[in-house]
Each structure stands twice: as C-alpha cells, then as structure tokens.
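Taken in sequence, the protein lines are chains A and B.
Position in the first sequence (first residue = 1) + 21 = the working numbering.
Position in the second sequence (first residue = 1) + 975 = the working numbering.
Here a beta-carbon is modelled for each residue, glycine too, at the ideal position from N, C-alpha and C.
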Amino acid sequence: MAETIIKTEKLCFEYEKNEGEEKTQVLRSLDLTVERGSFVAVLGHNGSGKSTLAKVLNLLVTPTSGKVWLFGKEINEETMTEDELYEIRRRVGMVFQNPDNQLVATIVEEDVAFGPENIGVEPSEIRRRVDEALETVGMTAFARHSPHQLSGGQKQRVAIAGILALRPEIIVFDESTAMLDPMGRREVLDTIRKLNRDNGTTILMITHYMDEAIDADRVIVLDDGRIVLDGTPREVFSHVEEVRAAGLDVPQITELTYRLGLSGTPITAEEGADAIEALITNRQERN
Amino acid sequence: MIRDITLGQFFPGHSLLHRADPRIKIILSILYIVLVFLADSVSGYLFLVLFTALLIAISGIPVSTLVKSLKPLLFIVLFTSVINVFWNREGELLVSFWKIAIYTGGVFTAVFMTVRIMMLLLGTGVILTYTTSPIALTDAMERLLSPLKVLHIPVHDFAMMMTIALRFIPTLLEETDKIMNAQKARGADFSTGSLGQRAKALIPVLIPLFISAFRRADELAVAMESRCYRGGKGRTRMTSLHLHALDFVLLFGLALAGAGIVLCNRFVPIYAI
C-alpha cells in the first residue's frame, strides 16, 4: 500500500452568493484519499465543486468545515506559519485553465523562473531548474521567446514548466486542456502522462473530457459536491446511467457498445473495435 | 492593424550601447542630461553635437528612425524659437522694422534652445530608450531604486506592475481586435461618422475589454499566489546583473565629454550666454 499523500475528511465548503441569501454548498462532506504517485482524474459538470476541491488542496480557499491532510500532516490554517503555507503551495503545484492568465513575464524562461525566485532559490540553481523544466516539457527551443508568440498548447506547457521549477510532489490540473485545440490538448496530455510516469509526480487532473480520463489510474466523479463514483476508468464508465445522472457522458466508444447492448466496458478505441468485431463474427456465425 | 503598434521605441541590436548594463545606462542618461545643460557657448554646443553624433554612430540606430522621432517636437521647437527671436532683446540689434526688432541674443538663444532640445531627445534616446528593452529597463529601475525600500517605498511592486503591464499589452491588443471584429460582424461601424459618433461606437468595445481585463487580473493573481508569490519578500532573481569593463568605459567616456564641454565653454567662449 503506497503512502497517502492527500486525505480529506468530511470536507465542506459553502459561500454566500449574495448577502443574506441562503448559502451555496459547493462541497458536501467530501472524503477523499489519494496515494502518492497516482494519476487521478476528477470529473464533474460545471458547478460540481471540482475546481473548489483543487483550490482547497492548494490552500487558495479555506474549507468551511472538515479536515485536510497533505503529505501526512493535518492542515490547520490558523496555527500555520506563512512559511509553512508557502511550502505547501510549493509542494502542490497548480495549472489553471487559461494559459494566458498564468504567465507573468514577457520571456518564457523568466516566467519559468518566477516560482523559484519567489521562494528564494539561489540564482545558479534557478538557472538549472529552469533549463530542466523547459527540457521536460519540450520547450527548450522557445526559452527566449515571448509568450504571445506561442500557441495555446505551448503556453500551457510553459505554465507546466513554471510549476515544475518549484519541484512539486502533486500537480493539480484545473481543466488545463479546456481552452486548447486538439493538437494543444495532445501536447499537454502527453506531458502530464510523462510527469506521472517518469517523475512519479502525483497528478490530479480535473476535466470534463471523458477521453482524457481513460488514461488515469483512477476516476472520481463529483456531482453537487459529493463523490458519486470512484474507481478505475473501466469501473466508473461501466455505470453509464450514474455517469449520465451526474451530468456527464461516458467515452463515445463506451456509449456505442452500451447502446448495442454489449457486455463489458471498452474504454479505448481498440477495445471498442474488438468488441464490435466480436459482435459481427458472432452474428455471422449465428446466421 | 491595431496589432502593429510598437511597444516603446526599443530597436533591437548588438551595439556597445545595447550590451551595456541597463542600470549604468539609466545613470548615463541622467549624466547626459546634465551635460546638455552644461554647454553654454558655441564651442560647447559644437562639442555636444559631435559627442551625440558619436553616440548615435555607436548605437547603430538608423538616422532616419531618429529623425522621425524628432517630428513630434517640431512644434515646440518652432514655438520656443519664435518666442526667443522676437522677445529676447539682448546683444546687438540685427533687424528692425515697424515694431519688430531682432537682436543677436534672441537668435543665439533660439538656436541654442533648438539644439538643446534635439540633443536631449537624441542622446537619451540612443543611450536608453532605443537600446534597452522595456523589460530590462523595468528590471534596472527596480534594482537602482531598491535602496528606497528602506523608506517603505514599494519598489518591487511597481516593477512587478510594469512587468505585468508589458506582458499583457499584446494580449489585450489581440483581444481588442477580436472584440472589434465581433462588433463589426454585428454591424458596428467604427470608421465613419463624426468624431463623437466614432467615440461612442468604441464604448461597446471598451466595456467587454475592461470586464475581461478584470477577470484576467483576478485569475493571474490566483495563479501567482499558487506559485508562491508574496511580494518582494525573500525573493531572488535568476539573472543577476554584473558590471563589465564596458560599463566603466562608457561612464569614463561621458565624464570626458563633460570635461570637454566645460573646457570649451571656458577657453573658447565664442558666444557665451
């Protein structure tokens, strides 16, 4: 059993939309455990609380009630010193949706250096980390470019490099592919997978693209601030009705075989092709 | 169209002036301004013009670019010249008819003023604004002004604001373009009508632009915080600026020029004011 890196217990978050109105419940008694090195996809339609969960983990918002443990330590924002807070933020990196709105500097490598500069790393060490991070995301050739000369996918990779330079143990991707074209999505997803596989970084990927979730070790479906499904992609997508009830779709190929009334839950195109081929040969044999 | 707006006057290059430390360049341009005001004789001004010409040659900025930058000043130069020519009554009388009298003092002052304004613009231009990228300039300002932190002046914060502004100018320009196209597609007209009508037509462009800018600012603030930003506290920099021999040579050169002007004023005072 691997080490538990994130744990929440009865995590609640609510806020008042307007003064005096009834409070909006975003997270309702959420219990979640994530192991070190795992790749977890968090699915949910808009307003299901998935982005709030991400912000709780990065200590950008304070939960209304409930407990959070990160790296085996309980988070208590009242007794926590500022240095401890920033240390948690360093260890939990976060990549946001809009690549434009997370880049600070006018030159790619200076943007990547922004994080380590903030935590006071030595100049020579910053240089090393920046080169290494750009190498990991395959953007070394663009080190001296200006962000506005880059494509969406490239900008998002620079944003990932900026997080990597902080050497995080967990990276939360908050719909980081939502604004990208198919090409850019592929680039970013390949980078995410590489980080999980090669560096052993724990990945929490928030998305509403089902096809992205099939690569994860584990899929969690959130609906109305609660976890409604939790398991491997195959387990989760076999519950077609429940996934739909949460306002989501299953991957297209899963949907197809479900409608055809086939048993088993293919989640990749190859598996789907095999299932349909089996169906056809089955019919032919019967005739 | 709107995207073609160039940012500042920076003219990329690899001249000695481009390579000099931006902090030194800021100091140099201040000293240069002092130099310009030191000159108060024909020989002093000649020396100054020659020195500025030398700087321009070193910078490698095309003269045509520099001439263009002087155009907006034409009016000010003409205005001060005319005032000086007609109102300064020092020196000998040159021309006199009806109520107008032109004295030598007026002519000299007018010429001096013109030269002075032109040299100020050209000199500081080639030393600083043409040869230093806006980002290097911001960085240098922050470092030069950092002693003011003792007085609780938020030097770092101002520099960060400048950097972010520079970073977002192209993004916001692109967005303006998009919004304008979206409005045009729905029949908005930005190019005809009176000035008032055109200004009014811009309101539906500016409002979405402002809203989007605020949203961006909000998201950027969250992203910066999640990257451990907490102002200038405990912050290091990847690139540290180092002074090189070149910087001292430039400082020395400027000091020499200053001495030259003073000597010219003193020993060859052809027409000292």
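Task: Partner residues on chain B for L124 (chain A), Cβ-Cβ distance less than 8 Å - done: Locating residue 124 (chain A) in the first sequence gives position 103, counting from the first residue. Within chain B, the residues R1142 have their CB atoms less than 8 Å from the CB of L124 (chain A), given in chain order.
Task: Alpha-carbon spacing of I977 (chain B) relative to P1145 (chain B), whole angstroms - done: Here residue 977 (chain B) corresponds to residue number 2 of the second sequence, with the count starting at 1. Here residue 1145 (chain B) corresponds to residue number 170 of the second sequence, with the count starting at 1. Reliability of the predicted coordinates at I977 (chain B) is poor, the pLDDT of 44 falling under 50, and the value obtained from them is presented with this limitation in mind. Here the alpha carbon of I977 (chain B) sits roughly 10 Å from the alpha carbon of P1145 (chain B).
- [ ] Could you pull the start and end residues of the alpha helix (DSSP H) that T1099 (chain B) belongs to?
- [x] Reading the second sequence from its first residue, position 124 is the one you call residue 1099 (chain B). Here the alpha helix (DSSP H) through T1099 (chain B) covers T1079 to T1099.
TODO: Report the residue from B:G1171, B:I1102, B:S1004 and B:R1210 whose alpha carbon sits nearest the alpha carbon of P144 (chain A).
DONE: Start at 1 with the first residue of the first sequence, and residue 144 (chain A) comes out as number 123. When each option's Cα is compared against that of P144 (chain A), the closest is B:R1210.
Open item on the list: Using the Cβ count rule (16 or more neighbours within 10 Å means buried), how would you classify M204 (chain A)?
Closed with: Translated into the one-based positions of the first sequence, residue 204 (chain A) becomes position 183. Burial call: exposed.
TODO: Measuring only between beta-carbons, confirm whether T127 (chain A) sits less than 8 Å from chain B.
DONE: Within the first sequence, the letter at position 106 stands for residue 127 (chain A). Yes, because at least one Cβ of chain B sits closer than 8 Å to the Cβ of T127 (chain A).
Open item on the list: Helix, strand or coil, according to DSSP, for E37 (chain A) in the structure here?
Closed with: Against the first sequence, residue 37 (chain A) aligns to sequence position 16. Judged by DSSP in its simplified three-state form, E37 (chain A) adopts strand.
Open item on the list: Please return the same chain residues whose Cβ sits closer than 6 Å to the Cβ of I980 (chain B), not counting the five positions on each side in sequence.
Closed with: To locate residue 980 (chain B), count along the second sequence from 1; it is residue 5. With a pLDDT of 43 at I980 (chain B), under the threshold of 50, the modelled position of that residue is not reliable, and the figure given next carries that caveat. There are no such residues.
TODO: With DSSP collapsed to three states, give me the class of T981 (chain B).
DONE: By 1-based counting over the second sequence, the position of residue 981 (chain B) is 6. With a pLDDT of 47 at T981 (chain B), under the threshold of 50, the predicted position of this residue should be treated as unreliable, and no value is reported.
Task: Assigned secondary structure, T1211 (chain B) (DSSP; H/G/I helix, E/B strand, else coil) - done: Within the second sequence, the letter at position 236 stands for residue 1211 (chain B). Residue state, collapsed to three classes: coil.
Open item on the list: Spatial neighbours of V1101 (chain B) within its chain, please: C-beta separation below 7 Å, excluding the five flanking residues on both sides.
Closed with: Stepping through the second sequence from its first residue, residue 1101 (chain B) is reached at position 126. The residues are L992, L1030, I1031, S1034 and I1036.
Task: Straight-line Cα distance separating V1180 (chain B) from M1155 (chain B) - done: Along the second sequence, one-based indexing puts residue 1155 (chain B) at 180. Along the second sequence, one-based indexing puts residue 1180 (chain B) at 205. For M1155 (chain B) and V1180 (chain B), the distance between alpha carbons rounds to 6 Å.
Task: Span of the alpha helix (DSSP H) around S145 (chain A) - done: Here residue 145 (chain A) refers to the residue found at position 124 when the first sequence is read from its first residue. Its alpha helix (DSSP H) spans residues P144 to T157.
TODO: With 8 Å as the threshold, decide whether the Cβ of A1188 (chain B) is near any Cβ in chain A.
DONE: Stepping through the second sequence from its first residue, residue 1188 (chain B) is reached at position 213. With 8 Å as the cut-off, A1188 (chain B) does not count as an interface residue toward chain A.
TODO: Let me know the secondary structure DSSP gives H1127 (chain B) once reduced to three states.
DONE: Taking the first residue of the second sequence as 1, we reach residue 1127 (chain B) at position 152. Residue state, collapsed to three classes: coil.
Open item on the list: Assuming W90 (chain A) is part of the beta strand (DSSP E), what are its boundary residues?
Closed with: On the first sequence, residue 90 (chain A) is found 69 positions in, with the first residue counted as 1. S86 to L91 is the extent of the beta strand (DSSP E) around W90 (chain A).
Open item on the list: I need the boundaries of the beta strand (DSSP E) containing E56 (chain A), first residue and last residue.
Closed with: Here the question's residue 56 (chain A) lines up with position 35 in the first sequence. From DSSP, the beta strand (DSSP E) with E56 (chain A) extends over K44 to E56.
Open item on the list: Any beta carbon from chain B within less than 8 Å of L81 (chain A)'s own beta carbon?
Closed with: Looking up residue 81 (chain A) in the first sequence gives position 60. Taking Cβ atoms only, chain B reaches closer than 8 Å to L81 (chain A), which makes this a yes.
Task: Residue environment, S1166 (chain B), which counts as buried when at least 16 other CB atoms sit within 10 Å - done: As a first step, residue 1166 (chain B) must be located in the second sequence, where it is residue number 191. Result: exposed.
TODO: Count the other C-beta atoms from every protein chain shown that fall within 10 angstroms of the C-beta of V1130 (chain B), then say buried if there are 16 or more, exposed otherwise.
DONE: For this step, residue 1130 (chain B) is matched to residue 155 along the second sequence. Counting the other Cβ atoms within 10 Å of the Cβ of V1130 (chain B) gives 16 or more, which makes it buried.
- [ ] Pick out whichever of A:N139, A:V77 and A:T275 has its Cα sitting closest to the Cα of K1208 (chain B).
- [x] The residue you call residue 1208 (chain B) lines up with position 233 of the second sequence. Closest option to K1208 (chain B), Cα to Cα, is A:N139.
TODO: Can you say whether A23 (chain A) is buried or exposed, counting buried as having 16 or more other CB atoms within 10 angstroms of its CB?
DONE: Stepping through the first sequence from its first residue, residue 23 (chain A) is reached at position 2. A23 (chain A) comes out exposed.
Task: Residues near A180 (chain A) by beta carbon distance below 6 Å, same chain, minus five either side - done: Residue 180 (chain A) sits at position 159 when you count from the first residue of the first sequence. Excluding residues within five positions, the ones whose Cβ falls inside 6 Å are V116, P120 and Q123.
- [ ] Anything in chain A within Cβ reach of R1212 (chain B), meaning under 7 Å, just list it in chain order.
- [x] One-based indexing of the second sequence puts residue 1212 (chain B) at position 237. Going along chain A in sequence order, the residues near R1212 (chain B) (Cβ under 7 Å) are E138 and P144.
Task: Assigned secondary structure, S167 (chain A) (DSSP; H/G/I helix, E/B strand, else coil) - done: Indexing the first sequence from 1 puts residue 167 (chain A) at position 146. DSSP places S167 (chain A) in coil when its eight states are reduced to three.
- [ ] Below 8 Å on the Cβ atoms is my guess for I26 (chain A) versus I191 (chain A); work out the distance and round it to an integer in Å.
- [x] Within the first sequence, numbered from 1, the residue matching residue 26 (chain A) stands at position 5. Within the first sequence, numbered from 1, the residue matching residue 191 (chain A) stands at position 170. Rounded, the Cβ-Cβ distance is 6 Å, consistent with contact.
Open item on the list: With a threshold of 8 Å between beta-carbons, can G65 (chain A) be considered close to chain B, or not?
Closed with: The count along the first sequence starts at 1 and reaches residue 65 (chain A) at position 44. Answer no: the Cβ-Cβ gap between G65 (chain A) and chain B never drops below 8 Å.
Task: Same chain, Cβ closer than 7 Å to T73 (chain A), neighbours up to 5 away in sequence not counted - done: Along the first sequence, one-based indexing puts residue 73 (chain A) at 52. Hits under 7 Å: F34, V47, L48 and V82.
Task: Contact with chain A by L1218 (chain B), beta-carbon distance below 8 Å - done: Locating residue 1218 (chain B) in the second sequence gives position 243, where the first residue counts as 1. By this cut-off, L1218 (chain B) is not an interface position.
Task: Where E138 (chain A) falls: helix, strand or coil (DSSP) - done: Taking the first sequence and counting its residues from 1, the one referred to as residue 138 (chain A) is at position 117. Three-state result, E138 (chain A): helix.
Open item on the list: Relative to the C-alpha of A1134 (chain B), which candidate in B:L1126, B:L1148, B:V1042 and B:P1109 has its C-alpha closest?
Closed with: Counting from one through the second sequence, the residue named residue 1134 (chain B) turns up at place 159. Nearest option by C-alpha distance: B:P1109.
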